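S.K.:
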Amino acid sequence: MSSSLPARRGFKAALTVLAAAVLLLVALHPGSAQAAPLTSGKVVLNITSGKAGKVGAVKPAKVAKRFGKKGAKVTSAAKNGFFGSKVKAGVEAGGGLRFAKGKRKVNVTGLGISIFGKQTAIRGKLRGKTIKVFNVTGKSTVNKSAGTAKLTGARLALTNQAAARIRKALKLKKAPKGKLGTVSVNFKLSEKPPVDPCVENPDAEGCPVTDPYLEQCDVAATSKVTGSLPAAAALPTLSNPESISGLSSMSWGFKSSFRSYVIFGAQGSMHGLDGATTVGGPPVISGFDFPVESAEYSDNGTGTLDDDQAVVETSGTAVFCATAHSFRVAISDPTFVIDGDDSRIIATVDTNLTGVWTQPQRIDLANLDLGEINQTAATEGTTIDWGEISASFTQAGADAICGTGEQVACDYTEGTELDPVALSINTANALPVDQYNSECSVPVASVASNSWPVASELPTLSGAVAATSDPIGWGFKSSFRNYLQFAPPAGSFQPFDGASVISNPSPPNVPLGFSYPVSDAEYAANTAATDDDQAIVNGTGTGLYCKSGHFFWLSISDPTIVIDGDHSRLVATVSQNTNGGADPAGPWQTSQRIDLADLDLSGVTPTYGSGTVTWASIPATVSEEAGTIAGSYTPGTALDPITVSLETE
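With my numbering applied, the sequence shown covers 886 to 1534.
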């Protein structure tokens, strides 16, 4: 995002934003219906730094003392004090400040001081616009019953917006950021403050609306509405869950481009509240740490990781203040749910979009797309690691952040990418045995699920006709079969689910691979040319290559042959345990449908008979998506060729 974000994010128009901002700024000024005259009061600004130019006073304020050539002690009589709820106390200062460099000067007048607690804000008119001029940090003492307020020696620093305006007015080399000096305020009302019914009941008719994050964001609310988004779906019920230990916090950055926009485009800030903390230091904040309140995990009694579930509930609030563009977002108490296709982030979202405060609503904020999952041995039990989990907006999440109807403030939609979430937990579970433990007896060094890219979608054949075929006969790789048979101790070829071993009558009688029955097939001739023919042949059954003595096995199930020009391939459900087939020991990669082999038709011309078509000896290689197969065969490695013969009548 950039400083042009309002236009790009769907704000109605720059003029509308400016008008709304001015109204909000006026609404936040300390003067109010509860303001009262003072018995006494004084504001003292000790500006010891000259980074913003030479300091002077605008009458009736006056310079009481000089600090070097540029600094000054500026004093002003206080007036119109008040007490409130969110703003604990407020007062106005007469006159103002002047910053000068050579013949250039800029005044800050109409100073209004709002005391929140440890934080205080000073607003004023700077270059024709009323803005928040100073951030003030220091402990205050407010006694409403006595009508007194006091702030002594609090740290004074220009806001980013004010520093930029002063730099431009005085043509300074850089913006005057950081501490300028200190401020002290004290006042006493001349009469007992009037009773404000809105303090006891802020929701009473006619009461002003106070944004709950006004202190952090300086974005005022002019109205409030109840959220209307769908409530978050219920959390899954875990079967025989175990509590997760050692997980103290969850880190999440929400969206990196949004963070950049808030800081650099909207001259804003980010805050961790209610126990949440920011990660990194301003201006580069990489996210938030949310304390974990509870965490549970269940493996659902299976050996694979695909159906594992986890629920991690956290607390705390991440606040994004886009101050210059008059909106802010608060995300509270996120819950991270691992539940297959229903994995998601649930959170409470509270926003203020140019004055309209939408009150908190608990929603499904983001979808989580589980990638590779790994299980490794730990000192006690095992560690389950979901790695970097991709996250994207739900429709409710996009609507919560951007608003709906006339309040749309940005262009996020369902599916917009968010920052990933990292999750790793320790469990008491031991590593499981793999699915062919009884056949191959290969120990499990670690487990990996979703470890391959998902197989690409099959093509849609236009004008296809049904076809029949003999079983798919394929031996994977002849040298691999020889190794399996002869490298001592000998391995085995084991068929399941209808597949059969292709015997070899010729010595040394090494099996030729597996035969997979064909369940269905289709063929499309397309044009009269031979190079655009298409076919899909679906096989069934499993072929298991087992090398127990060398601690690994490979299974290939339900192969599908795709004849589709440059996209021809062999798709199959693959699983392997390469504990002994790699150094270091590889994982048990649980079953997954993948693009196993690329088929090269460039040198293959189909032959046609009476109602038949045949592609003979199609070269095959390990695909890029398959990665390393059987511990040593990398992408591009030549495999056994494949022959496809179809009857189309």
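Glycine included, every Cβ here is placed at the ideal spot set by N, Cα and C. This structure is a prediction, so every number in the text was calculated from the model and none was measured.
Just to confirm my understanding: we take N1125, look at its own chain, exclude 5 residues before and 5 after, and list those with CB closer than 8 Å. What are they?
M.R.: Here residue 1125 corresponds to residue number 240 of the sequence shown, with the count starting at 1. So the qualifying residues of the chain are S1183 and G1186.
S.K.: Report the residue ranges of all alpha helix (DSSP H) runs contained in full by the segment 1278 to 1321; include only those spanning at least 4 residues, in chain order.
M.R.: Segments of the alpha helix (DSSP H) lying fully in the segment 1278 to 1321: 1280 to 1287.
S.K.: Tell me whether Q1260 sits in a helix, a strand or coil according to DSSP, three-state version.
M.R.: Here residue 1260 is taken as the residue at index 375 of the sequence shown, counted from 1. Strand, per DSSP.
S.K.: CA-CA distance, K1064 and L1043?
M.R.: Your numbering for residue 1064 matches position 179 in the sequence shown. Your numbering for residue 1043 matches position 158 in the sequence shown. Between K1064 and L1043, the C-alpha separation is close to 8 Å.
S.K.: Report the start-end ranges of each alpha helix (DSSP H) in the segment 1126 to 1207 that is 4 residues or longer and not cut off at the edges.
M.R.: Those alpha helix (DSSP H) runs which fall completely within the segment 1126 to 1207 and span 4+ residues are 1141 to 1145.
S.K.: Using only the heavy atoms of the ligand MG, determine whether one of them is closer than 7 Å to the beta carbon of A1276.
M.R.: With respect to the ligand MG, the structure shown offers nothing to examine, as it has no ligands at all.
S.K.: My assumption, with CB atoms under 8 Å, is that Y1408 sits in contact with A1352. Please give the rounded CB distance.
M.R.: Within the sequence shown, the letter at position 523 stands for residue 1408. Within the sequence shown, the letter at position 467 stands for residue 1352. Correct: roughly 5 Å between the Cβ atoms.
S.K.: Assign D1451 to buried or exposed, taking buried as 16 or more other Cβ atoms, counted over all protein chains shown, within 10 Å of its Cβ.
M.R.: Residue 1451 sits at position 566 when you count from the first residue of the sequence shown. Under this definition D1451 is an exposed residue.
S.K.: In the DSSP assignment, find the unbroken beta strand (DSSP E) run with I1441 in it and report its ends.
M.R.: Sequence index remark: in the sequence shown, residue 1441 carries index 556 (1-based). Here the beta strand (DSSP E) through I1441 covers F1437 to I1448.
S.K.: For G941 and K1073, I'd like the C-alpha separation in whole angstroms.
M.R.: Residue mapping note: residue 941 aligns to position 56 of the sequence shown, counting from 1. Residue mapping note: residue 1073 aligns to position 188 of the sequence shown, counting from 1. Looking at the two C-alpha atoms, the distance is approximately 27 Å.
S.K.: Since A1049 is in the alpha helix (DSSP H), which residue starts that stretch and which ends it?
M.R.: As a working note, residue 1049 is residue 164 in the sequence shown. A1049 -> alpha helix (DSSP H) spans N1045 to L1055.
S.K.: To the nearest whole angstrom, what separates the beta carbons of F1381 and G1426, a pair I think is in contact under 8 Å?
M.R.: By one-based count along the sequence shown, residue 1381 stands at place 496. By one-based count along the sequence shown, residue 1426 stands at place 541. The pair is a contact, with the Cβ atoms about 7 Å apart (cut-off 8 Å).
S.K.: Where does E1509 sit, in a helix, a strand or coil, going by DSSP?
M.R.: Residue mapping note: residue 1509 aligns to position 624 of the sequence shown, counting from 1. Correct three-state label for E1509: coil.
S.K.: What are the start and end residues of the alpha helix (DSSP H) that includes S1536?
M.R.: The displayed coordinates of the chain run from 886 to 1534. Any statement about residue 1536 would go beyond what the structure contains.
S.K.: S925 by DSSP, collapsed to three states: which one?
M.R.: Translated into positions along the sequence shown, residue 925 becomes position 40. In this structure, S925 counts as strand in the three-state DSSP scheme.
S.K.: Thinking C-beta only, is E1181 closer than 8 Å to L1132?
M.R.: Residue 1132 sits at position 247 when you count from the first residue of the sequence shown. Residue 1181 sits at position 296 when you count from the first residue of the sequence shown. No. Outside cutoff.
S.K.: If you run the structure through DSSP and keep just helix, strand and coil, what is D1224?
M.R.: Locating residue 1224 in the sequence shown gives position 339, counting from the first residue. Note: D1224 maps to strand in three-state DSSP.
S.K.: Does any residue of chain D have a CB that is nearer than 8 Å to the CB of T1506?
M.R.: Within the model displayed, chain D is absent; a lone protein chain is all it includes.
S.K.: Going along the chain, which residues of its own chain have a beta-carbon closer than 6 Å to the beta-carbon of T841, five neighbours each way excluded?
M.R.: What the structure shows of the chain is the stretch from 886 to 1534, and residue 841 is not part of that stretch, so it cannot be assessed.
S.K.: What's the gap between the Cα of E1100 and the Cα of L1041?
M.R.: Numbered from 1 along the sequence shown, position 215 holds the residue referred to as residue 1100. Numbered from 1 along the sequence shown, position 156 holds the residue referred to as residue 1041. Cα to Cα, the separation comes out at about 16 Å.
S.K.: With a threshold of 8 Å on Cβ separation, who are the neighbours of A1505 within its own chain once the five nearest residues in sequence on each side are excluded?
M.R.: Reading the sequence shown from its first residue, position 620 is the one you call residue 1505. Excluding positions up to five away in sequence, the list reads L1455, A1482, D1483, L1484, D1485, A1523, L1524, D1525, P1526 and I1527.
S.K.: Under the rule that 16 or more other beta-carbon atoms within 10 Å means buried, what is E977, buried or exposed?
M.R.: Reading the sequence shown from its first residue, position 92 is the one you call residue 977. Buried, by the Cβ-count rule.
S.K.: Please confirm if the segment 1012 to 1021 is in contact with the segment 953 to 970, defined as three or more CB-CB distances below 8 Å between the two stretches.
M.R.: Too few Cβ pairs lie closer than 8 Å, so no.
S.K.: What first and last residue would you give for the beta strand (DSSP E) that runs through E977?
M.R.: Taking the first residue of the sequence shown as 1, we reach residue 977 at position 92. Start and end: A974 to K986.
S.K.: Which residues does DSSP pair with C1431 in a beta bridge?
M.R.: Along the sequence shown, read from residue 1 onward, the residue named residue 1431 stands at position 546. Note: C1431 sits in a beta bridge opposite S1377 and W1438.
S.K.: Beta-carbon within less than 6 Å of I867's beta-carbon, same chain only, minus the 5 sequence neighbours each way: which residues are those?
M.R.: The question about residue 867 has no answer here: the residues shown for the chain are numbered 886 through 1534.
S.K.: Are three or more beta carbon pairs between the segment 1470 to 1482 and the segment 1336 to 1350 nearer than 8 Å?
M.R.: Flag = yes, the segment 1470 to 1482 and the segment 1336 to 1350 touch.
S.K.: Closest by CA to S1075, which one among V1386, F1378 and S925?
M.R.: Position 190 of the sequence shown, counted from the start, is the residue given in the question as residue 1075. Nearest C-alpha to S1075: S925.
S.K.: Using the Cβ count rule (16 or more neighbours within 10 Å means buried), how would you classify S1211?
M.R.: Here the question's residue 1211 lines up with position 326 in the sequence shown. Per the 10 Å Cβ criterion, buried.
S.K.: Say whether the segment 1023 to 1037 touches the segment 987 to 995, bearing in mind that this needs 3 or more beta-carbon pairs closer than 8 Å, one atom from each stretch.
M.R.: Contact fails: fewer than three Cβ-Cβ distances are below 8 Å.
S.K.: Between the alpha carbons of R1213 and F1175, how many angstroms are there, rounded?
M.R.: In the sequence shown, the residue the question calls residue 1213 occupies position 328. In the sequence shown, the residue the question calls residue 1175 occupies position 290. Rounded to the nearest angstrom, the two C-alpha atoms are 19 Å apart.
S.K.: In chain order, what residues of the same chain lie with their CB nearer than 6 Å to the CB of A1470, ignoring the 5 residues before and after it?
M.R.: Position 585 of the sequence shown, counted from the start, is the residue given in the question as residue 1470. If we look at A1470 and ignore the five residues flanking it on each side, its Cβ neighbours are A1330 and N1464.
S.K.: Excluding the 5 residues flanking G1376 on each side, which residues of the same chain have their C-beta closer than 6 Å to its C-beta?
M.R.: By 1-based counting over the sequence shown, the position of residue 1376 is 491. These residues qualify, in order along the chain: L1369, C1431 and K1432.
S.K.: Straight-line CA distance for A1118 to A1262?
M.R.: Taking the first residue of the sequence shown as 1, we reach residue 1118 at position 233. Taking the first residue of the sequence shown as 1, we reach residue 1262 at position 377. Cα to Cα, A1118 sits roughly 34 Å from A1262.
S.K.: So if DSSP puts N1237 in a beta bridge, which residue, or which two residues, is it bridged to?
M.R.: For the purposes of this step, residue 1237 is taken as the residue at position 352 of the sequence shown. Per DSSP, R1213 and W1242.
S.K.: Measure the CB-CB distance between M1135 and V1234 and report whether it falls below 8 Å.
M.R.: Sequence index remark: in the sequence shown, residue 1135 carries index 250 (1-based). Sequence index remark: in the sequence shown, residue 1234 carries index 349 (1-based). Not closer than 8 Å, so no.
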